[in-house]
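What follows is a set of notes on a single structure, which appears directly below.
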Amino acid sequence: MSAVAKVALVLVPTGMLGAGIQRAHVLRGIELGAHAIALDAGSTDSGPSYLARGVSKMNRESVKRDLEILMSAALTANIPLLVGTCGTCGTDAMVNWTRDIALEVASDLKVTPKIACLYSEQRASELVKRNRAGQVSPLPPLGAIDDAVLESCTHIVALMGPEPYVTALRSGAQIILGGRTTDTAVLAAMPLLMGADPAAAWHAAKVAECGGQCTVNPRQGGVLMRVDQQGFEIEPLDSDNRATPESVSAHMLYESSDPQRLTEPGGVLDVSNATYMQINERVTRVTGSVWEPMPYTMKLEGARAGYFQTIMIMGIEDPEVLANLDAFHDTLHRGLVKRIEATFDTTAVFFDVSLRFYGWNGTSGRPVPVGTAPPRDVGVMFVVTAPTQELANQMAKACNPHFFHMPLHLNKELPSYAFPFTPAEIPRGQVYEFLLNHVVHTRDGHELVRVDWFETAIPPESASHG
Amino acid sequence: MAKVADVCRHVRSKNAGPFWITVDFFFKSQELYAQYRDSAVLRPALFERLYGTNPQLVKRLPVDNLMTLKISYARPHPQGWMGERDMHGGQQYASLLDVELD
């Protein structure tokens with residue numbers, strides 16, 4: 006790429022591949038001169054189950070539909086398409102899952118684009134080695150990690166920076182499908198390659214990471230970011246939508262624990278002195294952010310599958326119970342725990358019973374303010390957690406008569422609360438856990454990343470860990 | 012007696028990664044922001060009492076140009092643990108609305 010920097014235009018169609026992209030918005034961004042389409046396909050927002058299982062939250066059809074719109078637009082305009090964190094969690098298998106969908110789309114469109122796949126899933130054994138060498142550091146609130154925790158993860162991914170994307174672009178990739186990547190890195194790659202100011206590239210990427218979230222109407226399509234040597238501009242793809250200094254700067258607050266300083270692979274973006282200026286009715290310009298280069302680190306994410314749960318649900322409209330919900334909760338909980346202890350060898354087997362009173366304090370689990378009026382109706386969810394699904398089911402069955410028929414006062418006749426299903430016990434499946442909040446220190450952005458290239462319409466065998 | 016809901020036009024909470032929840036207090040006016048930004052109530056002890064978080068892991072981050080106070084706190088348990096009730100932490104702000112500020 007030329008050393009003479011020009012303005013880099015990146016089209017960000019949505020915050021999540023598969024969420025639903027409008028072809029007209031994409032074509033509008035291309036008309037405006039986009040040099041690349043870049044977007045993210047992942048998140049940890051929806052919880053640890055996707056990484057623990059290594060599966061996508063988005064269904065295959067939605068991903069294929071969006072990919073068809075993006076690939077056909079990008080290939081027609083002859084600009085690259087970059088996708089970060091394929092398949093929600095960004096494991097190697099999810100990169101290949103997305104690659105296979107892309108190859109299917111390519112075959113439908115009768116094209117053979119040059120596809121680069123970037124893999125960043127990590128072996129626990131490799132990280133154990135690096136941990137022992139002092140190259141893995143914790144981020145609060147977690148502490149130092151021990152080998153057993155690393156080894157218990159079903160999947161560990163390292164969040165890529167922009168470098169592998171930049172290298173793939175330099176090598177002529179038309180489509181880049183990345184494993185776990187920071188949301189920002191995939192959007193910043195093209196501007197960085199084109200020589201834009203790094204602070205502006207990172208800040209623009211942070212603002213545009215959720216597509217239209219930084220506009221006044223987040224549901225109205227994505228955005229175009231224009232990054233130059235001094236700053237960047239955000240323009241919504243929909244001609245009725247606007248990006249204002251408030252909508253753009255407020256996005257820095259969203260889902261980030263520190264809105265002023267953002268740690269990324271290889272540096273920190275500091276936006277505390279950034280200035281936001283409306284340059285026309287729909288476009289906001291930002292200058293004044295600072296990029297502080299730091300020794301290279303990649304954040305790690307790891308998850309595993311743990312215990313199993315079975316749930317039961319009932320409704321209560323009995324006024325006397327509703328007038329004494331806290332006492333009833335405690336009596337019921339005590340009774341259920343006793344019942345399990347009397348039926349199972351609980352000195353050897355872990356279990357946990359939790360009751361959530363929806364309509365009272367089910368959402369927070371905290372005491373309600375003194376004097377709160379009783380509700381007209383509560384929904385009670387029973388959750389038992391145990392080492393196997395079978396044990397959780399058996400414990401729920403043991404609790405069943407107590408749960409649905411526990412009177413408020415023990416000398417009263419047995420009530421029947423309203424249960425909607427039979428059988429009443431619902432096996433819910435496994436509890437998944439995030440285990441890592443650590444960074445690994447690396448030589449550069451490539452060291453822990455593997456690359457593979459695909460051009461044919463027939464997917465070769467998986468090349469991960471190759 | 013001003014409550015959080017009286018002085019803020021909007022309060023929201025959201026997960027910030029699997030280990031943190033972040034709360035944004037958008038104040039109604041510059042005057043109210045100036046008056047309550049450094050409130051002795053919106054401090055780590057409140058978050059310890061309400062959410063059981065470690066007060067040393069509560070970060071206060073005023074954003075003056077947005078008249079917004081951001082407070083981020085470590086979840087006492089990671090997102091998705093067996094006792095999870097609010098995966099996104101998106102309803103955690105509700106308990107703050109009635110907190111009295113003076």
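Each protein sequence line maps, in turn, to chains A and B. Under this note's numbering, the residues of the first sequence are numbered 6 to 471, in order. Under this note's numbering, the residues of the second sequence are numbered 12 to 113, in order. Backbone N, C-alpha and C define an ideal beta-carbon position, used for all residues, glycine too.
Using three-state DSSP, classify residue i as helix, strand or coil.
i: A/F356; result: coil
i: A/W365; result: coil
i: B/R20; result: strand
i: A/G471; result: Bear in mind that a pLDDT of 37 at A/G471, under 50, signals an unreliable position, so the model cannot answer this.
i: A/M282; result: strand
i: A/C404; result: helix
i: A/T498; result: This structure leaves residue 498 of chain A out entirely; chain A is present only between 6 and 471.
i: A/G384; result: strand
i: A/F237; result: strand
i: A/F459; result: strand
i: A/I106; result: helix
i: A/A8; result: Below a pLDDT of 50, predicted positions are generally treated as unreliable, and A/A8, at 48, falls in that range; the measurement from the model is reported next regardless. Correct three-state label for A/A8: coil.
i: A/W207; result: helix
i: A/C219; result: helix
i: A/I42; result: strand
i: A/R290; result: strand
i: A/V60; result: coil
i: A/T268; result: strand
i: A/S261; result: coil
i: A/L413; result: coil
i: A/D202; result: coil
i: A/L396; result: helix
Under a CB-based cut-off of 8 Å, is residue i close to chain B?
i: A/Q127; result: no
i: A/E269; result: no
i: A/E438; result: yes
i: A/E260; result: yes
i: A/T302; result: no
i: A/T103; result: no
i: A/S359; result: yes
i: A/Y312; result: yes
i: A/T368; result: yes
i: A/A8; result: Here A/A8 scores only 48 on pLDDT, less than 50, and its place in the model should not be relied on; the value that follows carries that caveat. A/A8 does not count as touching chain B.
i: A/P412; result: no
i: A/Q218; result: no
Among the candidates the options, whose CA atom is the shortest distance from the CA of residue i?
i: A/T81; options: A/A111, A/R247 and A/S54; result: A/A111
i: B/P66; options: B/L72, B/P73, B/L57 and B/V74; result: B/L57
i: A/P18; options: A/V12, A/E36, A/K11 and A/I42; result: A/I42
i: A/T90; options: A/A13, A/S48 and A/S244; result: A/S48
i: A/V454; options: A/L267, A/Y124 and A/L56; result: A/Y124
i: A/S369; options: B/S106, B/D113, B/V110 and B/R60; result: B/S106
i: A/I4; options: A/I318, A/H414 and A/M230; result: Chain A is shown from 6 up to 471; residue 4 of chain A falls before or after that span and cannot be answered.
i: B/G91; options: A/A401, A/Q314, A/V383 and A/E430; result: A/Q314
i: A/V2; options: A/D331, A/G384 and A/W207; result: Residue 2 of chain A cannot be examined here, being either before or after the span of chain A that is shown, 6 to 471.
i: A/K343; options: A/I316, A/A401, A/T292 and A/G311; result: A/A401
i: A/A308; options: A/A98, A/M386, A/Y437 and A/H410; result: A/Y437
For a cutoff of 8 Å on Cβ pairs, would you count residue i as touching chain A?
i: B/P66; result: no
i: B/K81; result: yes
i: B/R54; result: no
i: B/K70; result: yes
i: B/S24; result: no
i: B/R96; result: yes
i: B/Q41; result: no
i: B/M93; result: yes
i: B/V74; result: yes
i: B/H99; result: yes
Per DSSP, which residues does residue i bridge with? Please list them.
i: A/G183; result: A/L123
i: A/S112; result: Paired residues: none, contrary to the question.
i: B/S83; result: B/T33 and B/K70
i: A/E489; result: Residue 489 of chain A lies beyond the stretch modelled for chain A, which goes from 6 to 471, so this question has no answer here.
i: A/S142; result: A/V444
i: A/V228; result: A/V17 and A/P241
i: A/E297; result: A/V273
i: A/M165; result: A/T186
i: B/E6; result: Nothing in the structure corresponds to residue 6 of chain B, since chain B is present only between 12 and 113.
i: A/L147; result: In DSSP, A/L147 forms no bridge with anything.
i: A/T81; result: Note: A/T81 sits in no beta bridge, so no partner.
i: A/A391; result: A/F313
i: A/L86; result: A/I42 and A/I180
i: A/T93; result: A/G47
Inset, instruction - Go through the region 301 to 341 of chain A residue by residue and report every complete run of the alpha helix (DSSP H) that reaches 4 residues or more, in order. - result: Within the region 301 to 341 of chain A, the complete alpha helix (DSSP H) runs of at least 4 residues are 324 to 327.
Inset, instruction - Only counting runs of 3 or more residues, tell me where the beta strand (DSSP E) segments fall wholly within the region 12 to 77 of chain B, in order along the chain. - result: Counting whole runs of 3 or more residues, the region 12 to 77 of chain B contains the beta strand (DSSP E) stretches 19 to 26, 31 to 38 and 69 to 74.
Legend entry - Completely contained beta strand (DSSP E) runs for the region 415 to 455 of chain A, where each covers 3 or more residues: Residue ranges of uninterrupted beta strand (DSSP E) with 3 or more members, entirely inside the region 415 to 455 of chain A and ordered along the chain, are 431 to 439 and 443 to 446.
Inset, instruction - Quick one: which residues of the region 30 to 62 of chain A get their C-beta closer than 8 Å to a C-beta of chain E? List them in chain order. - result: Looking at the structure shown, chain E is missing, and the protein chains on hand are A and B.
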